[in-house]
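Taken in sequence, the protein lines are chains A and B. Using our numbering, read the first sequence as starting at 32 and increasing by one per residue. Using our numbering, read the second sequence as starting at 32 and increasing by one per residue. Where is the CB? At the ideal position from N, CA and C, for every residue including glycine.
2 protein chains.
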Amino acid sequence: MVENDKQTEKKIFEAATEVFMEKGMDGARMQDIANRAGINKSLLHYYYRTKDRLFNEVFEMIFGHMLKKFAPVFDADLTLEEKIRFFFREHITFLQKNPRLASFVLHEINRNPERVRNFIGRIDIGRLWTDIEAQHKDELKKSNIRREDIPQLMTSIAAMSVFPFAARVLVKSILEKMGYDFDDYIEKRKEYAAEFVIGAIRKEKGIREKA
Amino acid sequence: MVENDKQTEKKIFEAATEVFMEKGMDGARMQDIANRAGINKSLLHYYYRTKDRLFNEVFEMIFGHMLKKFAPVFDADLTLEEKIRFFFREHITFLQKNPRLASFVLHEINRNPERVRNFIGRIDIGRLWTDIEAQHKDELKKSNIRREDIPQLMTSIAAMSVFPFAARVLVKSILEKMGYDFDDYIEKRKEYAAEFVIGAIRKEKGIREKA
DNA sequence: GTCTATAGAAGGATAGAC
DNA sequence: GTCTATCCTTCTATAGAC
Chain A
32 MVENDKQTEK
42 KIFEAATEVF
52 MEKGMDGARM
62 QDIANRAGIN
72 KSLLHYYYRT
82 KDRLFNEVFE
92 MIFGHMLKKF
102 APVFDADLTL
112 EEKIRFFFRE
122 HITFLQKNPR
132 LASFVLHEIN
142 RNPERVRNFI
152 GRIDIGRLWT
162 DIEAQHKDEL
172 KKSNIRREDI
182 PQLMTSIAAM
192 SVFPFAARVL
202 VKSILEKMGY
212 DFDDYIEKRK
222 EYAAEFVIGA
232 IRKEKGIREK
242 A
Chain B
32 MVENDKQTEK
42 KIFEAATEVF
52 MEKGMDGARM
62 QDIANRAGIN
72 KSLLHYYYRT
82 KDRLFNEVFE
92 MIFGHMLKKF
102 APVFDADLTL
112 EEKIRFFFRE
122 HITFLQKNPR
132 LASFVLHEIN
142 RNPERVRNFI
152 GRIDIGRLWT
162 DIEAQHKDEL
172 KKSNIRREDI
182 PQLMTSIAAM
192 SVFPFAARVL
202 VKSILEKMGY
212 DFDDYIEKRK
222 EYAAEFVIGA
232 IRKEKGIREK
242 A
């Protein structure tokens, strides 16, 4: 049945996504994936040949999905501050729905650098970069952000959003021991992170004007 | 030879630390560890019984070492701003010397939450927390930082320092494609991160004074 | 396309000689 | 304490029936 083919392949892919996200490539077992998909182990190989191929397809999907979440930042017709608020709202909500994603991607990236380079190679980052610079030339100048500071700023923004999820278990443990609720903390972070970054940027201007 | 006992045990421990940091618990092979230590596989079991025990000892050492790096923040006789500058200088330098540490710890933490809870259980976090609050009561009030914002601030500080290393391969790939040097970026981050956070905090005051 | 059975390899762990 | 040899389990992958 052709109907069933797609069904099965999809079920396998979804089961594999779950298991790989939970255990990572090295910790995942083909048997677990088969069980979760409700099919036989051999079928995995019938559809995907090897564990490696299956993992690669899953990883590329997830990593691509994650990078896509950054896209609006590069073309939205918004001011820099609006973009920052927009980004944190969307991105943290995305990670909220996929709490294991950050940790999974970071681990697998470091485990196999080649994969990342392949991926990065396919993107025209130079283009995105100059777009950002062009779009916000005035704002960057007003905030006294030099070209060489852009990597610092970009990674700081990513850090504010990703870290709480990447260190989820640790942060959650500590917060709960102090009587805070993790979900509530994340919800509040959408706004906090935006104001934090905007404040940091405004300050660059302030300090240098005084000097 | 008693001399050699310590020698061997230490060599094993060091080799294990390297291999576990590189491959993670699931990806590490006892054979690799034996090879790197220049001894036989059986000796690993002679000294550490199982892979699990060996891993646990390594993990506890690394995790403990990492947490210790946060200690000065809680008792140093410095102002809040001085502490922030001190922290980033010390902590980023520490991660610079152990570039795989962040990624390793984050992965293993999420893979086995129980381990973290054990560890956290042993620390009197409540005490540390109230110390921080007491030490900087006036400064926190001046910057209009409410008690409920402390988790946001603390995780933001950790994020600024840890993220570039946790996402090392990705950040490095992108920066290099744009003509930046990663090591240079990290070196500059020691100061950038501090000023970024201090700016963000000052701003909380500013915004609310205007309103 | 899906299953059962099994090959084949790898890895953790132990026994026993030295 | 250290090595060689080997056991035993687990896991990926394939062969072959239906």
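When we look at the beta-carbon of residue 128(A) and count the other beta-carbons within 10 Å, is it buried (16 or more) or exposed?
If you number the first sequence from 1, residue 128(A) lands on position 97. With fewer than 16 other Cβ atoms within 10 Å, it is exposed.
Do we get a CB-CB distance below 9 Å when we pair residue 191(A) with the residues of chain B?
Position 160 of the first sequence, counting from 1, holds the residue named residue 191(A). Yes, its Cβ sits closer than 9 Å to a Cβ of chain B.
Helix, strand or coil for residue 59(A), going by three-state DSSP, please let me know.
Walking along the first sequence from the start, residue 59(A) turns up at place 28. Coil.
Does the segment 190-204 of chain A touch the segment 147-157 of chain B, meaning 3 or more C-beta pairs lie closer than 8 Å?
yes
Just reading off the alpha helix (DSSP H) that residue 191(A) is part of, what are its end residues?
Walking along the first sequence from the start, residue 191(A) turns up at place 160. 181-197 is the extent of the alpha helix (DSSP H) around residue 191(A).
Helix, strand or coil at residue 110(A) [DSSP, three-state]:
Within the first sequence, residue 110(A) is the residue found at index 79, counting from 1. Residue 110(A) falls in the coil class under three-state DSSP.
Along the chain, where does the alpha helix (DSSP H) containing residue 79(B) start, and where does it finish?
Position 48 of the second sequence, counted from the start, is the residue given in the question as residue 79(B). Unbroken alpha helix (DSSP H) run through residue 79(B): 72-79.
Assuming residue 192(A) contacts residue 126(A) under a Cβ cut-off of 8 Å, what Cβ separation, rounded to an integer in Å, is found between them?
Counting from one through the first sequence, the residue named residue 192(A) turns up at place 161. Counting from one through the first sequence, the residue named residue 126(A) turns up at place 95. Yes, residue 192(A) and residue 126(A) are in contact; Cβ-Cβ is about 7 Å, under 8 Å.
For residue 129(B), would you say it is in contact with chain A, using Cβ-to-Cβ distances shorter than 9 Å as the test?
Counted from its first residue, the second sequence places residue 129(B) at position 98. Not closer than 9 Å to any Cβ of chain A, the Cβ of residue 129(B) fails to qualify, so no.
With contact counted as at least three CB pairs below 8 Å, one residue from each stretch, are the segment 71-88 of chain A and the segment 36-55 of chain A in contact?
yes
Tell me, please, whether the CB atom of residue 179(B) is closer than 9 Å to any CB atom in chain A?
Residue mapping note: residue 179(B) aligns to position 148 of the second sequence, counting from 1. Closer than 9 Å: yes.
Would you mind telling me which residues of chain A sit closer than 7 Å to residue 200(B), beta carbon to beta carbon, in chain order?
If you number the second sequence from 1, residue 200(B) lands on position 169. Those within 7 Å of residue 200(B) in chain A are 140, 141, 144, 147.
Are the beta-carbon atoms belonging to residue 56(B) and residue 142(B) less than 9 Å from one another?
As a working note, residue 56(B) is residue 25 in the second sequence. As a working note, residue 142(B) is residue 111 in the second sequence. Yes, the Cβ-Cβ distance between residue 56(B) and residue 142(B) is below 9 Å.
Starting from residue 174(B) and walking both ways along the alpha helix (DSSP H), at which residues does that stretch end?
As a working note, residue 174(B) is residue 143 in the second sequence. No alpha helix (DSSP H) contains residue 174(B), which DSSP labels as neither H nor E.
For residue 32(A), which of helix, strand or coil comes out of DSSP?
For this step, residue 32(A) is matched to residue 1 along the first sequence. Because the pLDDT of residue 32(A) is 46, which lies under 50, any placement of that residue in the model is unreliable, and the question is left without a value.
I need the boundaries of the alpha helix (DSSP H) containing residue 83(A), first residue and last residue.
Working through the first sequence from its first residue, we reach residue 83(A) at position 52. Here the alpha helix (DSSP H) through residue 83(A) covers 82-99.
Where residue 241(A) and residue 213(B) are concerned, what is the direct C-alpha to C-alpha distance, given to the nearest angstrom?
Position 210 of the first sequence holds residue 241(A). Position 182 of the second sequence holds residue 213(B). Residue confidence is low: residue 241(A) scores 42 on pLDDT, short of 50, so the model does not pin down where it sits. Its coordinate-derived value is still stated next. Their backbone Cα atoms lie some 31 Å apart in a straight line.
In chain A, which residues lie with their C-beta within 9 Å of the C-beta of residue 171(B)?
By one-based count along the second sequence, residue 171(B) stands at place 140. Those within 9 Å of residue 171(B) in chain A number zero; the least Cβ separation is about 15 Å.
When you compare only the Cα positions, how much space is there between residue 180(A) and residue 68(A)?
Here residue 180(A) refers to the residue found at position 149 of the first sequence. Here residue 68(A) refers to the residue found at position 37 of the first sequence. If I take the Cα positions, the gap works out to 47 Å.
May I ask you to report which of helix, strand or coil DSSP gives residue 129(A)?
Within the first sequence, residue 129(A) is the residue found at index 98, counting from 1. Residue 129(A) falls in the coil class under three-state DSSP.
Is DSSP giving residue 152(B) helix, strand or coil here?
Counting from 1 along the second sequence, the entry for residue 152(B) is found at position 121. DSSP places residue 152(B) in helix when its eight states are reduced to three.
What are the residues in the segment 43-63 of chain A lying within 7 Å of chain B by C-beta distance?
55, 57, 58
Taking 9 Å as the CB-CB cut-off, is residue 84(B) touching chain A?
Numbered from 1 along the second sequence, position 53 holds the residue referred to as residue 84(B). By this cut-off, residue 84(B) is not an interface position.
Count the other C-beta atoms from every protein chain shown that fall within 10 angstroms of the C-beta of residue 48(B), then say buried if there are 16 or more, exposed otherwise.
The sequence position of residue 48(B) within the second sequence is 17, counting from 1. Flag for residue 48(B) reads buried.
Taking only beta-carbon positions, decide if residue 95(A) is within less than 9 Å of chain B.
On the first sequence, residue 95(A) is found 64 positions in, with the first residue counted as 1. So no, residue 95(A) is outside the interface.
So residue 205(A) contacts chain B; which residues on that side make the cut at Cβ distance below 7 Å?
Within the first sequence, the letter at position 174 stands for residue 205(A). Those within 7 Å of residue 205(A) in chain B are 151, 156.
As a quick exercise: from 108(A), 121(A), 137(A), pick the residue whose alpha carbon is nearest that of residue 195(B).
The count along the second sequence starts at 1 and reaches residue 195(B) at position 164. Comparing Cα-Cα distances from residue 195(B) to each of 108(A), 121(A), 137(A), the minimum goes to 137(A).
Could you give the distance in angstroms between the alpha-carbon of residue 168(B) and the alpha-carbon of residue 233(B)?
Counting from 1 along the second sequence, the entry for residue 168(B) is found at position 137. Counting from 1 along the second sequence, the entry for residue 233(B) is found at position 202. Taking the straight line joining both Cα atoms gives about 15 Å.
Euclidean distance between Cα positions of residue 117(A) and residue 189(A)
By one-based count along the first sequence, residue 117(A) stands at place 86. By one-based count along the first sequence, residue 189(A) stands at place 158. Residue 117(A) and residue 189(A): Cα-Cα distance of roughly 13 Å.
Quick check on the burial criterion: 16 or more other C-beta atoms within 10 angstroms. Buried or exposed for residue 92(B)?
Here residue 92(B) is taken as the residue at index 61 of the second sequence, counted from 1. Exposed is the call here.
Nearest-angstrom Cβ-Cβ length linking residue 227(A) and residue 162(A), presumed shorter than 8 Å
Position 196 of the first sequence holds residue 227(A). Position 131 of the first sequence holds residue 162(A). Contact doesn't hold; Cβ gap of about 25 Å is too wide.
Name the chain A residues whose beta carbon is nearer than 7 Å to that of residue 186(B)?
Start at 1 with the first residue of the second sequence, and residue 186(B) comes out as number 155. Ordered by position in chain A, the residues that pass the 7 Å Cβ test against residue 186(B) are 194, 195, 202.
Measuring straight from C-alpha to C-alpha, what distance separates residue 185(A) and residue 101(A)?
Here residue 185(A) corresponds to residue number 154 of the first sequence, with the count starting at 1. Here residue 101(A) corresponds to residue number 70 of the first sequence, with the count starting at 1. In a straight line, the C-alpha of residue 185(A) is about 11 Å away from that of residue 101(A).
Same chain, Cβ closer than 8 Å to residue 164(A), five either side skipped, listed in chain order:
On the first sequence, residue 164(A) is found 133 positions in, with the first residue counted as 1. Once the five neighbours on either side are set aside, the close Cβ partners of residue 164(A) are 171, 178, 181.
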